[in-house]
Structure formats: structure tokens, C-alpha cells
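Contents: one structure, followed by commentary.
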Amino acid sequence: MDLSQLASGVATTTDPEQRRLLYAARDEFIAHGFRRTSVGDIARRANVSRPTVYRRLGDKDEIVRAVVFTEVIEFFASISAEVLTKTMPADRAVEAFVRGIRACRTNPLVTALQQFEPDTFASLVSSENAASMEAVRMAIASVVTGPAMPFDAALRAADLMVRVAASLLIAPSAVVPVDTDERARWFAVTYLVPLIEAAALDGPP
1 MDLSQLASGV ATTTDPEQRR LLYAARDEFI AHGFRRTSVG DIARRANVSR PTVYRRLGDK
61 DEIVRAVVFT EVIEFFASIS AEVLTKTMPA DRAVEAFVRG IRACRTNPLV TALQQFEPDT
121 FASLVSSENA ASMEAVRMAI ASVVTGPAMP FDAALRAADL MVRVAASLLI APSAVVPVDT
181 DERARWFAVT YLVPLIEAAA LDGPP
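Going left to right, the sequence shown walks through residues 1 to 205 as UniProt numbering numbers them.
Take a look at the structure:
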């Protein structure tokens, strides 16, 4: 599966009006945080009625998931061409990790999550959002997979990458900081590469 297939799934939409509403929601989340933003706020920013937002996007929880995972998939689409120039899956994973951590340092949506409600950020990678997280894992796996890394192995690698990255973003470590590209690359080469290589072996029994 590639990113174009993922982009047609639950996390993103090609419908222009739906995308406009999602971007209105994104802007509102950035300005005021997820918890303080209501469906009514999104409707006012988009200049539509609340029922229209509910009909086109669903309830607030669905809107939050759609906005966040659209952001993730669009990010991986933007870096996939350069990441795919790397031959080895581990090298692709390192490059994706470094670029992902860099994006999280500068992305206004991630900043809003960390600033206004880190607990919401943590909940996005919890088991209750497993279906939505699958889209993120698939996005990562699509740029890691290759001849030496079958897609099922790439999914295992992606799951590990998501969990490690989320932990570092939710609770930054002074012992293993990733606050610069150089530190993020060192972390990825030192700790992620062995995990990625192990993921290429047979899966659990």
C-alpha cells in the first residue's frame, strides 16, 4: 500500500469542501487548543452551520482524529520522495524519524497539542484510537518497506517508531534528547536501527 491509497482512506479526504472544513478546524485547534474548541467555533470559522460540520466531518472526536491524521499522512507524502532515495529500510526509518521529529518541533498543530493539552496528545496513540493509529503506522510502513523489509515487517517497525517517538514527544528526555537534527539522528541510529532490523525477522508466534 502506498500513500496515495492511504490518502483516500478514513484519515484524509479529496472532497474540496470537506478539506476546507478540516483546515478551518485545524486553524481553530492551533489558535485555541483542542479542548477549548467547539464544533460551533469550527462552524463560525468556516462560515457554515453546526449541522453542516456534523454532517460533513462527524462529532468533535472524529474531527480531531481526522485533522491530526490528515496532518500525519500529508507530512509523510511530503517527505516520501527523498526518504525513498535511501536503499536500506533502516536508513529510510532514520531519515523519516529525523524529519518527523523536526516537523514536530515546528508544526503549529503539534505545538498546540503540547501547549494546551498534552493528555490529548497522549490519547491519540492510546488503544482507544487503535483504528486511527493504523493509518499512521501504514503511512510510516509505506516509506520503510522494501525488498529487505516485507510490508508486515515494516508495520512492526512502524509500530515501534510511533511508540518511541510519541514517548519522546510527550515526555522529552534530558538523558536522550532529540531536540536537534543531530541528536535525533544519533538516537535513531543508536536505538531505532536495531529495532528496525529486528522487525525484519519473523514476527511473533
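A virtual CB, placed ideally from N, CA and C, is assigned to each residue, including glycine.
Three or more Cβ pairs closer than 8 Å define a contact, and the stretch 143-158 falls short of that threshold against the stretch 98-105. In the three-state DSSP reduction, M88 falls in the coil class, being neither helix nor strand.
A straight line joining the alpha-carbon of V110 with that of L22 spans about 16 Å.
Per the DSSP secondary-structure output, G146 pairs in a beta bridge with M149. Leaving aside the five residues that flank A153 on each side, the residues in its chain whose CB is nearer than 6 Å to its CB run, in chain order, A199, A200. Rounded to the nearest angstrom, the gap between the Cα atoms of A96 and T52 is 37 Å.
Comparing C-alpha distances from V189 to each of A135, E134, M88, D119 shows the shortest one belongs to M88. Here T37 is buried. Its C-beta has 16 or more other C-beta atoms within 10 Å. Within the same chain, Cβ atoms closer than 7 Å to the Cβ of R137 are found at L155, A158, D159, V162, the five residues on either side in sequence being excluded.
Straight-line spacing of the CA atoms in P205 and A148 works out to 21 Å. If you compare the alpha carbons of A46, A43, A165 with that of R99, the shortest gap goes to A165. For Y54, the uninterrupted alpha helix (DSSP H) segment begins and ends at 50-57. Excluding sequence positions up to five before and after V193, its CB lies within less than 6 Å of the CB of A90, all in the same chain and listed in chain order. Here DSSP, grouped into helix, strand and coil, assigns S173 to coil. 8 Å or more divides the Cβ of V67 from the Cβ of R50.
Each residue's CA atom was taken as its position, placing A171 and V178 some 11 Å apart.
Residue nearest to F116 within the set I196, F75, E28 is E28 (criterion: CA-CA distance). Cα atoms of V64 and F34: separation of roughly 7 Å, rounded to the nearest angstrom.
For F116, the uninterrupted alpha helix (DSSP H) segment begins and ends at 108-116. Around the beta carbon of A174, a 10 Å sphere encloses fewer than 16 other beta carbons of the protein chains shown; the residue is thus reported as exposed.
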